[in-house]
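>
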Amino acid sequence: MNLVKTAITALLALVAVSSPALAGGLEVKQVGKNIYAIVGEMGQRSPGNLGNNATFGLVVTDAGSVLVDSGGTYKGAEKLAAAIKTVTDKPVKIVINSGGQDHRWLGNGYFKQRGARIIASAAAVEDQRERFNQQRDSLNFL
267 MNLVKTAITA
277 LLALVAVSSP
287 ALAGGLEVKQ
297 VGKNIYAIVG
307 EMGQRSPGNL
317 GNNATFGLVV
327 TDAGSVLVDS
337 GGTYKGAEKL
347 AAAIKTVTDK
357 PVKIVINSGG
367 QDHRWLGNGY
377 FKQRGARIIA
387 SAAAVEDQRE
397 RFNQQRDSLN
407 FL
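First residue of the sequence shown: 267, per my numbering; consecutive thereafter.
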């Protein structure tokens, strides 16, 4: 029984140490050569996570970086950009929006201002349009 308790305690300690909250709310994990997951908090959106309660993708190429999903707010996109700079100095050239949830696209403006091209499927754009008013109103709570 003590061995089980020790193993559980060690596992909980490992989770606590690797928590994204300890790394400014975003944790960059390499998942392949030049491929990264940028992991945000998995709870609800909050002022502390700036709406970045999701996992984002990053692919670094010779021509620049490709970001999958741009963050839940402009400030959230700034945090994503800072996380990206921890692994590459290649600018984000393309942002791919994978859907209409706020953390998938409300940071687009930040990256577009810096020259990134935004790509989204017709279904994602329609979903963004349908959710826009609700998502805009929810920004008041951040």
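From the three backbone atoms N, C-alpha and C, an ideal C-beta is built for every residue, glycine too. Source: prediction; values computed, not measured.
Any contact of the segment 315 to 323 with the segment 332 to 348, i.e. 3+ C-beta pairs under 8 Å?
As far as the Cβ criterion goes, the segment 315 to 323 touches the segment 332 to 348, which means the pair count is three or higher.
> In terms of alpha-carbon separation, which member of Glu396, Arg380, Ile385, Ala343 lies closest to Gly291?
The option with the nearest alpha carbon to Gly291 is Ala343.
> Which first and last residues belong to the alpha helix (DSSP H) in which Gln296 is found?
Segment 292 to 298 is the beta strand (DSSP E) holding Gln296; no alpha helix (DSSP H) there.
> Starting from the Cα of Gln265, find the closest Cα among Gly330, Thr352, Gln310 and give me that residue.
Summary: the structure shown does not reach residue 265, with the chain confined to residues 267 through 408, and so no result is reported for it.
> What distance in whole Å lies between the Cβ atoms of Ala382 and Val361, which are believed to be in contact at a cut-off of 8 Å?
5 Å between Cβ atoms; contact.
> Quick one: using the 10 Å Cβ neighbour count with 16 as the cut-off for buried, is Gln394 buried or exposed?
Flag for Gln394 reads buried.
> What does the Cβ neighbour count give for Arg402, buried or exposed, with the cut at 16 atoms within 10 Å?
Exposed: under 16 other Cβ atoms inside 10 Å.
> For Gln394, name the three-state secondary structure that DSSP assigns.
Residue state, collapsed to three classes: helix.
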